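Enquirer:
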Amino acid sequence: MEKLLFIRPILQLAERGTLIRSIVFWILRILAVLLVLAGLYLFIEILRLAFGGGALVAFAGLIAALIQLAVFVIAAEIMWVRAESVNVLPDGAYPAVRIIAVVLRLAGELYATMVSGLSVALCLAIWIAGAEGGYLLRELIPSSSLFIPGGITTGFLGGLLALIVGIVFAVSALILLYFLAEIYLAIIDIATNTKRA
């Protein structure tokens, strides 16, 4: 009867973290590839919208599209590296907590990368094409309007505000998510030291 039970080894792999690490590793690798494809799609969409406007809008769109493509490639590389970080985690107690800590760091890094890239693209689009440049990105990414407080959408000040607000959001999220990851790792240390005592 014991030979017919096949689930025990699977549960033991999950308990040690081997199975969960492998699953998360492959999910992150697949998502990294999908992120590059999404970046290519956004690149094409920005160009499609940009070349429907005037020369300045087309130039601003080209710059924004290149920035966004670079951002998506960087984000995919971050995800690829963090997948490897998950894969090399040691077997042992509290495997899910260690994985969650890596995923929290990944979330902070991805958010910071995406938001800072978006704010740079939005800033340059506004500086180059004025309100039309900002409108171009807001059409594709509605949340980009969060980076322009008070509806300032033109001129040097509008672009600068988009850049500053975006970078503040990015750095704040990165710090917060790294802090949460460190709390999870501290919980492991506390639990490990409590077991020894």
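Heads up: the sequence shown is residues 393 to 589, going by this note's numbering. Using N, Cα and C, we set each Cβ at its ideal position, and we do this for glycine too. The model shown is predicted, which means the values in this text are computed figures rather than measured ones.
Which term fits T586, buried or exposed, when burial requires 16 or more other beta carbons within 10 angstroms of its beta carbon?
Expert: Classification for T586: exposed.
Enquirer: So, is T505 buried or exposed, given that buried needs 16 or more other C-beta atoms within 10 angstroms?
Expert: So T505 counts as buried.
Enquirer: Let me check understanding here. Comparing Cα to Cα, which of I438, L496 and L555 lies closest to V512?
Expert: Considering only alpha carbons, the answer is L555.
Enquirer: Could you tell me whether the stretch 435-451 touches the stretch 514-523, using the rule of 3 or more Cβ pairs below 8 Å?
Expert: The stretch 435-451, when compared against the stretch 514-523, does touch it at the 8 Å Cβ threshold.
Enquirer: Are Q460 and G484 touching if we call contact CB-CB under 8 Å?
Expert: It is not a contact, given that the beta carbons lie outside the stated cut-off.
Enquirer: Taking 8 Å as the cut-off, decide whether the C-beta atoms of V463 and L420 are in contact.
Expert: Taking 8 Å as the Cβ cut-off, V463 and L420 do not qualify as a contacting pair.
Enquirer: Judging by CA-CA distance, which residue of A578, A442 and I491 is the nearest neighbour of L411?
Expert: Closest option to L411, Cα to Cα, is I491.
Enquirer: To the nearest angstrom, how far is the alpha carbon of I436 from that of Y570?
Expert: Distance between the alpha carbons of I436 and Y570: 33 Å.
Enquirer: Under three-state DSSP, which class holds L481?
Expert: Looking at L481 - three-state DSSP - the assignment turns out to be coil, as it is neither helix nor strand.
Enquirer: Can the beta-carbon of Y576 be found less than 8 Å from the beta-carbon of L454?
Expert: No. Outside cutoff.
Enquirer: Any idea if R413 is buried or exposed, counting beta-carbon neighbours within 10 angstroms, 16 or more meaning buried?
Expert: Under this definition R413 is a buried residue.
Enquirer: Among the candidates F417, L458, T584 and I582, whose CA atom is the shortest distance from the CA of A517?
Expert: When each option's Cα is compared against that of A517, the closest is L458.
Enquirer: How long is the line joining the alpha carbons of S508 and A562, rounded to whole angstroms?
Expert: If I take the Cα positions, the gap works out to 6 Å.
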